[in-house]
Amino acid sequence: MKVSVIGLGYLGTTHSTAMAKLGHQVIGIESDHSRLALLQSGKVHFHEPGLQEELQRQLASGRLVFQSGHNEASKDCDIHFICVGTPQGSNGEADTSYVVSAAKELAKNLRPKSVVVGKSTVPVGTAKELKNLMSDIAGFEVHLAWNPEFLREGTALEDSLKPDRIVVGAWDNYSVEKVNEVYKPILATGTPFLSLDVETAELVKVAANAFLATKISFINAMAEVAEAAGADAVALAEAIGHDERIGKKFLRSGIGFGGGCLPKDIRGFIARAEEIGAGTALEFLKDIDQINLRRRDRVVELARKELGNVSGKKILVLGISFKPDSDDLRDSPSLEIARKLAGLGASVTVHDPVALPALKDKSGLTVESDLVKAAKDAELVILGTEWKEYRELDPSKLDVKGKIVIDGRNALDVDKWQKAGWKVIALGRNIKN
Ligand SMILES: NC(=O)c1ccc[n+]([C@@H]2O[C@H](COP(=O)([O-])OP(=O)(O)OC[C@H]3O[C@@H](n4cnc5c(N)ncnc54)[C@H](O)[C@@H]3O)[C@@H](O)[C@H]2O)c1
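Encoded structure:
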């Protein structure tokens, strides 16, 4: 099929590459000229394992091209995927202005037989507004479907090619059939295809993220209790996780969730629920958000407990991306902790295996890509992102002034660090040192 993908960020770059790999003829459309130029030269503007190599293969195959706007070739597409951003607005709501302007532009360049498929995460009700808006501009009833995306940064390409389900919401069968057709090679492997009403399809994504955020904040709330009670939240998670109704995934206590999706999606969900008169139902998500943010303050509190006045003290933060295998710094818990400590006058050095070039605002932070140099004379080390390289680190290699580590992710081998003479402090645990 001929496919266009509008907006080439984390989602659109991955989706366009995946669509080409499935054998479709793909036109990726990106309005940011520097991003576009990079993509055209075969470079991905963010870190995502395996993506750049696959993108280069697809460019070389001729099935994938990138351009800045619509032209005759893009007008000819069977399906147009909208993948532009929906960042957090000033009152927590999702800012849908990029989706609206991408839809307006597309409506001017649309053929009646083409199907528009939204993949961006939007407030429930957005698709209906877009369908009306686009139909008015196009002068015919636009085929529109919503197909939320569940890829995870770090495993984005794999998740796109082998999703655990494909969800589509549409008003007409023609749109559902086209979406089914575009995913045919994936569906042939037995992936469930869920055809829902549009509002439910829109809700699936934010509901899933609200559930995941709740699971993380649940164990972090238990961590707060465990810290006060002298108990161990890691052992607690293991014990409750054996119950298959609960499960072990997303039950690792630590400094909580961040990134470009979970935090803004739960806030946007709360805002939309309030708009449609269902705010009470999502009151609890405000607590989920607060529990999450409190964990960042807890690390600052622990640092002050260990060092007294942190002013002038050298602190090393290991990892600034919001999760390993990504260089996404959006709402990164570890970066916020680093900035909070720097705000208190600490001399904070940050290290990360890949995300340092993505750090544009370096104010108050020292950036060091050599781990041994970064650690030199540190009085405290904080593990903020559980990169493999930190999990496997030999602590005796670090020439520090104070052998104290705060494990913000419960990812370090406590025995190993203690044997190397370190005091290990971990969130939700009362480790005897
Ligand atoms: N990042 C993820 O892991 C992920 C996962 C699932 C869903 N989502 C959702 O997907 C959407 C996109 O997320 P992202 O992280 O890729 O955002 P992003 O900000 O990284 O990328 C959006 C891209 O769209 C471009 N763009 C904006 N308006 C445009 C237009 N009119 N024409 C062409 N290009 C335009 C921007 O320049 C940018 O490159 C969001 O709604 C997000 O919530 C993201």
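First residue of the sequence shown: 9, per our numbering; consecutive thereafter. Beta carbons are placed, not taken as given, at the ideal position from N, Cα and C, and that holds for glycine.
D415, enclosing beta strand (DSSP E) - first and last residue: Translated into the one-based positions of the sequence shown, residue 415 becomes position 407. For D415, the enclosing beta strand (DSSP E) stretches over residues I412 to D415.
Would you say D305 touches ligand 1, meaning its beta carbon is less than 7 Å from a heavy atom? Here residue 305 is taken as the residue at index 297 of the sequence shown, counted from 1. Not one heavy atom of ligand 1 lies closer than 7 Å to the C-beta of D305.
Our contact map puts L169 next to I194 with C-beta atoms below 8 Å; I'd like the distance itself, whole angstroms only. Taking the first residue of the sequence shown as 1, we reach residue 169 at position 161. Taking the first residue of the sequence shown as 1, we reach residue 194 at position 186. Correct: roughly 7 Å between the Cβ atoms.
How should E309 be labelled, buried or exposed, when 16 other C-beta atoms within 10 angstroms of its C-beta is the threshold for buried? Within the sequence shown, residue 309 is the residue found at index 301, counting from 1. Burial check for E309: the Cβ neighbour count within 10 Å stays below 16, so the residue is exposed.
K10 to A28 span [Cα, whole Å]: Along the sequence shown, read from residue 1 onward, the residue named residue 10 stands at position 2. Along the sequence shown, read from residue 1 onward, the residue named residue 28 stands at position 20. Those two C-alpha atoms are separated by around 10 Å.
For the alpha helix (DSSP H) that H32 lies in, which residues bound it at each end? As a first step, residue 32 is located in the sequence shown; it is residue number 24 there, counting from the start. Segment: none, H32 is in no alpha helix (DSSP H) and carries neither H nor E.
Quick check: what's the CA-CA separation for T70 versus A26? Position 62 of the sequence shown, counted from the start, is the residue given in the question as residue 70. Position 18 of the sequence shown, counted from the start, is the residue given in the question as residue 26. Checking the sequence shown, residue 70 turns out to be Gly, not Thr. If I take the Cα positions, the gap works out to 14 Å.
From T94, L16, E38 and R437, pick the residue whose C-alpha is nearest to that of L59; which is it? Residue 59 sits at position 51 when you count from the first residue of the sequence shown. For the residues T94, L16, E38 and R437, the minimum Cα distance to L59 belongs to L16.
Helix, strand or coil: how does DSSP classify H359 here? Counting from 1 along the sequence shown, the entry for residue 359 is found at position 351. Here H359 sits in strand by DSSP.
CB C85 to CB I14, shorter than 8 Å? As a position in the sequence shown, residue 85 is number 77, starting the count at 1. As a position in the sequence shown, residue 14 is number 6, starting the count at 1. No, the Cβ-Cβ distance between C85 and I14 is not below 8 Å.
List in chain order: all unbroken beta strand (DSSP E) runs of 3+ residues lying wholly within the stretch 290-357. Counting only runs of 3 or more, we get 322-326.
Span separating the alpha-carbon of V73 from that of G36: The residue given as residue 73 occupies position 65 in the sequence shown. The residue given as residue 36 occupies position 28 in the sequence shown. Approximately 6 Å, taken between the alpha carbons.
Whole beta strand (DSSP E) elements within the stretch 238-265, 3-residue minimum: If only uninterrupted beta strand (DSSP E) runs of at least 3 residues are considered, none is enclosed by the stretch 238-265.
What whole-angstrom Cβ distance do S225 and I278 have, given they're in contact under 8 Å? Along the sequence shown, read from residue 1 onward, the residue named residue 225 stands at position 217. Along the sequence shown, read from residue 1 onward, the residue named residue 278 stands at position 270. S225 to I278, Cβ: 14 Å. No contact.
Inter-residue Cα distance where the pair is N155 and K440: As a working mapping, residue 155 is identified with position 147 in the sequence shown. As a working mapping, residue 440 is identified with position 432 in the sequence shown. Cα-Cα distance, rounded: 49 Å.
So F276 is in the alpha helix (DSSP H); what residue range does that whole segment cover? Taking the sequence shown and counting its residues from 1, one reaches residue 276 at position 268. Sequence inspection shows Gly at residue 276; the Phe mentioned does not correspond to that position. Where G276 is concerned, the enclosing alpha helix (DSSP H) stretches over L270 to E283.
Sub-8 Å separation of L367 and V375 beta-carbons: Translated into positions along the sequence shown, residue 367 becomes position 359. Translated into positions along the sequence shown, residue 375 becomes position 367. Taking 8 Å as the Cβ cut-off, L367 and V375 qualify as a contacting pair.
Leaving out the 5 sequence neighbours to the left and right, which residues in its chain are closer than 6 Å to P57 when beta-carbon positions are compared? Working through the sequence shown from its first residue, we reach residue 57 at position 49. If we look at P57 and ignore the five residues flanking it on each side, its Cβ neighbours are D333.
Since D339 and G264 should fall inside the 8 Å C-beta cutoff, what is the C-beta to C-beta distance between them, to a whole number of angstroms? Translated into positions along the sequence shown, residue 339 becomes position 331. Translated into positions along the sequence shown, residue 264 becomes position 256. Their Cβ separation, rounded to whole angstroms, is 10 Å, which puts D339 and G264 out of contact at 8 Å.
Taking the straight line between their C-alpha atoms, what separation do you get for P131 and G287? Stepping through the sequence shown from its first residue, residue 131 is reached at position 123. Stepping through the sequence shown from its first residue, residue 287 is reached at position 279. Rounded to whole angstroms, P131 to G287 spans 14 Å at the Cα level.
Near E157, what residues of its chain come up, given a Cβ to Cβ distance below 6 Å and the 5 sequence neighbours on each side ignored? The sequence position of residue 157 within the sequence shown is 149, counting from 1. The residues are L19 and K127.
If A419 and R399 are in contact, beta carbons under 8 Å, what's the gap, nearest whole angstrom? Start at 1 with the first residue of the sequence shown, and residue 419 comes out as number 411. Start at 1 with the first residue of the sequence shown, and residue 399 comes out as number 391. A419 to R399, Cβ: 5 Å. Contact.
Considering only the alpha carbon of each residue, which of D205, P365 and Y191 lies closest to T199? Here the question's residue 199 lines up with position 191 in the sequence shown. The candidate whose alpha carbon is nearest that of T199 is Y191.
I37 CB to nearest heavy atom of ligand 1 below 7 Å: For the purposes of this step, residue 37 is taken as the residue at position 29 of the sequence shown. Checking the Cβ of I37 against ligand 1 gives yes.
Same chain only: Cβ atoms within 8 Å of A386, ignoring 5 sequence neighbours per side: Here residue 386 corresponds to residue number 378 of the sequence shown, with the count starting at 1. K322, I323, L324, T357, L406, V408, K409 and G410, listed in sequence order.
Enumerated in chain order, which unbroken segments of the alpha helix (DSSP H) with a length of 4 residues or greater are wholly contained in the stretch 103-170? 105-115, 134-146 and 164-169
In three-state DSSP terms, what is F54? The residue given as residue 54 occupies position 46 in the sequence shown. Of the three classes helix, strand and coil, the one that applies to F54 here is coil, per DSSP.
Give a single yes or no on whether I14 has its beta carbon closer than 7 Å to a heavy atom of ligand 1. Here residue 14 refers to the residue found at position 6 of the sequence shown. Yes; taking the cut-off as 7 Å, the Cβ of I14 has a heavy atom of ligand 1 nearer than that.
Answer with buried or exposed for T197, where buried requires no fewer than 16 other C-beta atoms within 10 angstroms of its C-beta. By 1-based counting over the sequence shown, the position of residue 197 is 189. Exposed is the call here.
For the stretch 238-258 against the stretch 170-185, are there 3 or more C-beta pairs whose distance is under 8 Å? no
For I390 and L326, I'd like the C-alpha separation in whole angstroms. On the sequence shown, residue 390 is found 382 positions in, with the first residue counted as 1. On the sequence shown, residue 326 is found 318 positions in, with the first residue counted as 1. The alpha-carbon atoms of I390 and L326 are separated by roughly 6 Å.
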